[in-house]
Amino acid sequence: MLENFLYSINVTIPIFAVMVLGWWLRQREMFNDNFVEIANKFNFSVTLPFLVFRDIAAVDIRAVFDLKYVLFCAISSSVCFWGIWGLARFFIKDKTLIGAFVQAAFRSSAAVMGLAFISNLYGPSAMGPLMIIGAVPLYNIYSVIVLTFEAEGGREDSQKIKEAAVNIVKNPIIISIALGLAVSLLRLEFPVVVNKTIGYVAQVATPLALVTLGAGFEGRKALAKMKPTLWAAFIKLIAQATIFIPVAIWIGFTGEKLIGIMVMLAAPATPSCYIMAKNMKNDGILTASIVVSTTLLAAFTLTGWIFILRSLGFI
C-alpha cells in the first residue's frame, strides 16, 4: 500500500508542480496572454500530434492485438462520453460550461499516466498501447464533437454537424493517430535522424502543456466554478471506474489489462483538454480547474483503486 501510494505521489505531484511553476511564472510576468495563446496552438498543432504518433507507431499492433480488449476500451469510453454529455445538458444551467465539463470529465491522461502505471507494475507491456488504440482516437473524436456543438456562438445544427466533421478530419491529433496506426501496421522503419527528430519534438509536448496550463489558470475565476469542478473530478476519478471495473472483471480482464482499464477510467483529465477547449472557444478556466484538481486528487484515488484491486486478487 505504502509503495503504491508513494509511486502515485511520484507520478502526479511533479505534474502538479510544473503546473504551479507555470502559474508562478505568469504571476512574475514572464508569460503573458499572447504567449499562452501561441504556446497552446503550437502544442495542439505540433507537439501533441508528434507525441501520439511516436507512441502508436512504436507498437507492433499485429503481434499484440486483442480485439475484445480494444472493443471494451472503446465501448466503455463511448458510454461514458454520451452518458456524461446527456447528464450535463440536463443538470448544468450555464450552458457555456457544458463542452469543457464533458470533455474533462470523461477524457483521461491515458497515454502519459496510463503507460507509466502499467510499466511500474508490470514492466514493458503491450496492453497500454492497446488501451490507447481503443480509447484515445475516440477521446479526440468525441472531444471535437462536444466542443464544436457546445462552443460559444449560436449556429444551426446542420452547420454544427458539418463543422464537427471538418474539425475531426482536420484535427492534428486524429491525423497523427491514423498515421501512427499506418506506420505500425506496415512496420515502416525510419532513419535514425528522423526518429530522433520526432522524439525531440514529442518530448516537448507534456512539459509545455503543463506550463501553459498553469500559466493560463485563473484561480479566482476557477473558485467561482468549484461546484462543476468537483462534480467533474468525482466522475473522472471515481464514478466511471466504479461502474465499469466490475464489468471488466466479470468479462475476465485481470492483471495488466485491468490496470490499463483502471487508468483509462480513473486517471486525471489530460492537459490536452485545456489546449483543445481553448482552441475551440470553450471554457478554458473550468477546464484548467478540472485538470489541476483531478491531477492533485489522483495520487490518492488511483492508490485507492490499486489497493482495492490488489487486495481482491485481481492484479
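Numbering (the working numbering), first residue to last: 1 to 315. Heads up, the beta-carbon is just placed ideally off N, CA and C, and yes, glycines get one too. Being a predicted model, the structure only gives us computed values, none of them experimental.
What does a CB cutoff of less than 7 Å around residue i pick up in its chain, not counting 5 residues either side in sequence?
i	result
F314	I249, T254 and L258
V183	A57
A164	V144, I145, T148 and F149
K160	T148 and F149
Y142	F81
L25	F31 and A215
G284	G216, Y274, A277 and K278
Let's test the definition: count the other Cβ atoms within 10 Å of the Cβ of residue i and tell me whether it reaches 16, buried, or not, exposed.
i	result
P228	buried
T242	exposed
A178	exposed
P14	exposed
M226	exposed
L309	buried
Y200	exposed
V169	exposed
Q240	buried
L312	exposed
M131	buried
L97	buried
Can you find the residues in the same chain that come closer than 6 Å, C-beta to C-beta, to residue i, ignoring five residues on each side of it along the sequence?
i	result
S272	L48
L87	none
F106	C80, F81 and I84
N167	V144 and T148
S108	M264 and A267
If we call anything under 8 Å between Cβ atoms a contact, is residue i one with residue j?
i	j	result
I235	I38	no
F16	T295	yes
F72	I251	yes
R54	A277	no
L138	S176	no
V292	M19	yes
N282	N40	no
T206	V36	no
L188	I61	no
G180	V64	no
W23	F307	no
W231	M262	no
Leaving out the 5 sequence neighbours to the left and right, which residues in its chain are closer than 8 Å to residue i when beta-carbon positions are compared?
i	result
V102	F81, I84, W85, A88, V146 and E150
A209	N43, T47, L48, P271, S272, Y274 and I275
L297	A233, L237 and P268
K68	I251
With residue i and residue j assumed to form a contact (beta carbons below 8 Å), what rounded beta-carbon distance in angstroms separates them?
i	j	result
A104	T287	5 Å
I238	T301	6 Å
I173	N140	5 Å
I290	A215	That pair is no contact at about 17 Å.
I133	V70	6 Å
Shorter than 7 Å, the distance from the beta carbon of residue i to the closest heavy atom of the ligand GTP, or not?
i	result
I92	Among the ligands in the structure shown, none appear at all, so the ligand GTP cannot be discussed.
At 3 residues or longer, and completely inside the region 134–204: list those beta strand (DSSP E) runs for me, N to C.
Along the region 134–204, the beta strand (DSSP E) does not occur as any fully enclosed run of 3 or more residues.
Within the region 31–78, note down every full alpha helix (DSSP H) run reaching 4 residues or more, in order along the chain.
Within the region 31–78, the runs of alpha helix (DSSP H) at least 4 residues long that lie entirely inside it are, in chain order, 33–42, 48–57 and 61–64.
What are the start and end residues of each continuous beta strand (DSSP E) run of 3 or more residues lying completely inside the region 261–299, in chain order?
Those beta strand (DSSP E) runs which fall completely within the region 261–299 and span 3+ residues do not exist here.
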